[in-house]
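Engineer: Have a look at this one before I ask anything.
In the UniProt record's numbering, the protein residues as written are 1 to 597.
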């Protein structure tokens, strides 16, 4: 239906009232609603003007009763699941370089109650769902174009509403598929190498990267089955202070024979990935003066400038360095950091002039990253590109094939939470753990929890392997081999995380005839399928008690049981007959119970 004038209008979806508010006399607004599946509807909102104009900020508001709503899920990595009160200023902020435009209200059984998503993953979108004390309704608001936008004749956006009674992760999986079908967000190819365990230098070496020590570390990692080394910050400067004052010249000051280093890594059968901070030019970088007037921002705390990608010479400078790394030095991939610093700041002039060939920062970032991945793939079609969590939206899947949980050193549970939150929204893009580290004096069973909390992702390890106690080394050896043997189930099986509010204390993945369940708390493991469907179950005990309770399908009456400890040694092997649905097991901390029916 066409709506004009545009100050405040209303429309209905399934008898639900929606209010659309804007403030611009030069645009007409058209709203079209469509039922695309049972309990899934899309509202298409189109703003049109006769001549190019700056489009107005507009908001979509509605309310829903808070019935069996336990919390709100968002892709923001560092927030809780509490539904804020309506007087709170809390909002999800989504744009090309931060987060993704989606949230889910979920029930006390982790079932979807209301999932809202938007197809504009480029421009700034604010989203919120807040509880009102007076009436126990949840008030939804989606705010578009609150940041000054370039002049256009038309702006169109789709809002997808999913009220199906399905697991929360299914509703989010379907949002990811919806985005993926949009030609603007076609994901880049994921090579097999991106799905192999990797060694990262960051926590274990920080900026102290040196050819021989890293090569020795890589040899040990390769012997355990790690297939790539990620060389992080430090290779490009001899300065070891925190901050980024010397970033931007990208000269290998520590890894002086950088091509020889890559060749040595390749001789081990490993791939090599190199870290870059895309937007930063440090205050003390040689190139800092060259780009004066072509910065978006200056960070005093980080001692760096933020480049403005709307200048073609900025984009060419950056891409040229990355091409050199892949083509000349021979690196197999790049770890591209701090992309979220590309944004419109308060003093950003959003006009196409003074040498800028784009008005929008986000459209310019899209151009930069699209050209980057295209040119790198022209050199190496299997090039790997890693992005860190919060730049993980549907547009980022166009340029990167590895999404990593954001930094949480020694934080097993939070690492797991962030991995799950990435997996449910990332489709086939490889989801990696944050780098794993722990204290070498910990019992091996406790150190193993770092690994067990990231089993359902691609692990990145960052400890000095040769310095590990033997019990730790044997643990890493065992669980790396277990992960590799079961990678297809852990990464590509039917993924079912449970307990959103408790940070997913039980996770199951199933493929073919095998189920792998990891328990992180005192919960019952369910094996719902008949033995004709599932006849192998691995239960990983990632908690500090040994008791494990299994609720089996009633058709299962006999089970062969093998119990292994944290190093993979068999401690028990027996058969249980005449099972009456419930099976009680004693499994060592960080051990595995393997059942066969």
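All C-beta atoms in this analysis are idealised placements derived from N, C-alpha and C, irrespective of residue type, glycine included.
1. Considering only the alpha carbon of each residue, which of 87, 100, 36 lies closest to residue 120?
2. For the beta strand (DSSP E) containing residue 604, name the first residue and the last one.
3. Note down, in chain order, each residue of its chain lying with its Cβ closer than 7 Å to the Cβ of residue 253, except the 5 sequence neighbours on either side.
4. Considering only the alpha carbon of each residue, which of 368, 280, 290, 366 lies closest to residue 341?
5. Judging by CA-CA distance, which residue of 143, 592, 228 is the nearest neighbour of residue 548?
6. Can you tell me which residues form a DSSP beta bridge with residue 537?
7. Here's the rule I'm using: 16 or more other beta-carbon atoms within 10 Å means buried, otherwise exposed. How should residue 156 be labelled?
8. Which runs of the beta strand (DSSP E) fall wholly inside the segment 273-328 and span at least 3 residues, in chain order?
9. What number of angstroms, rounded off, separates the C-alpha of residue 12 from the C-alpha of residue 60?
10. Can you list, in chain order, the residues of its chain whose CB lies under 7 Å from that of residue 523, leaving out five sequence neighbours each side?
11. Quick check on residue 381: buried or exposed, where buried means 16 or more other Cβ atoms within 10 Å of its Cβ?
12. Closest to residue 339 by C-alpha separation, out of 496, 500, 579, 97, would be which residue?
13. In whole angstroms, what is the alpha-carbon distance linking residue 484 and residue 117?
14. Nearest by alpha-carbon distance to residue 573: which of 336, 587, 567, 530 is it?
15. Could you name the residues of the same chain whose beta carbon sits closer than 7 Å to that of residue 352, not counting the 5 residues immediately before and after it, in chain order?
16. With residue 16 as the anchor, note down where its beta strand (DSSP E) starts and where it stops.
17. Going by beta carbon distance, what residues of the same chain come within less than 7 Å of residue 580, once the five residues before and after it are set aside?
18. Tell me which same chain residues have a C-beta within less than 8 Å of the C-beta of residue 297, skipping the five on either side of it?
19. Return the chain-ordered list of same chain residues with a C-beta closer than 7 Å to the C-beta of residue 3, the five sequence neighbours on each side being excluded.
20. Short of 6 Å in beta carbon distance, which residues of its chain neighbour residue 494, apart from the five on each side in sequence? Order them along the chain.
21. Which of the three DSSP states, helix, strand or coil, is assigned to residue 165?
22. When DSSP builds the beta bridges, which residues end up paired with residue 103?
23. Rounded to whole angstroms, what is the Cα-Cα separation between residue 294 and residue 186?
24. In angstroms, rounded to a whole number, what distance separates the CA positions of residue 437 and residue 567?
25. Which residue wins for smallest C-alpha separation from residue 171, given the options 486, 376, 106, 416?
26. With DSSP collapsed to three states, give me the class of residue 155.
27. What are the boundary residues of the alpha helix (DSSP H) that includes residue 111?
28. In three-state DSSP terms, what is residue 199?
29. Assuming residue 513 and residue 535 form a contact by the criterion Cβ under 8 Å, report the distance between their Cβ atoms to the nearest whole angstrom.
30. For residue 604, count neighbouring Cβ atoms within 10 angstroms of its own Cβ and tell me buried if that reaches 16, exposed if not.
31. Per DSSP, residue 582 is paired with what?
32. Would you identify the three-state DSSP class for residue 10, choosing helix, strand or coil?
33. Please check the pair residue 217 and residue 464, which I expect to be a contact at CB under 8 Å, by giving their CB distance rounded to whole angstroms.
34. Quick check on the DSSP output: the beta strand (DSSP E) that includes residue 369 runs from which residue to which?
35. So, helix, strand or coil for residue 219, using DSSP?
36. Tell me which same chain residues have a C-beta within less than 8 Å of the C-beta of residue 263, skipping the five on either side of it?
Structural biologist: Working from what's here:
1. 100
2. The question about residue 604 has no answer here: the residues shown for the chain are numbered 1 through 597.
3. 236, 237, 238
4. 280
5. 592
6. 515, 595
7. exposed
8. 280-282, 295-299, 304-307
9. 12 Å
10. 505, 506
11. exposed
12. 97
13. 35 Å
14. 587
15. 358, 359
16. 16-22
17. none
18. 305, 306, 341, 345
19. Confidence at residue 3 is low in this model, with a pLDDT of 40, below 50, so the placement of that residue should be treated as unreliable; the coordinate-derived value is given next. Here the set comprises 9, 29, 30, 31.
20. 510
21. coil
22. 116
23. 30 Å
24. 18 Å
25. 106
26. strand
27. Taken as a continuous stretch (DSSP letters only), residue 111 belongs to no alpha helix (DSSP H), as it is neither H nor E.
28. strand
29. 5 Å
30. Absent from the structure is residue 604, since the part of the chain shown begins at 1 and ends at 597.
31. 551
32. strand
33. 7 Å
34. Looking at the DSSP string, residue 369 is not in any beta strand (DSSP E); the run it does join, the alpha helix (DSSP H), is 361-379.
35. helix
36. 330
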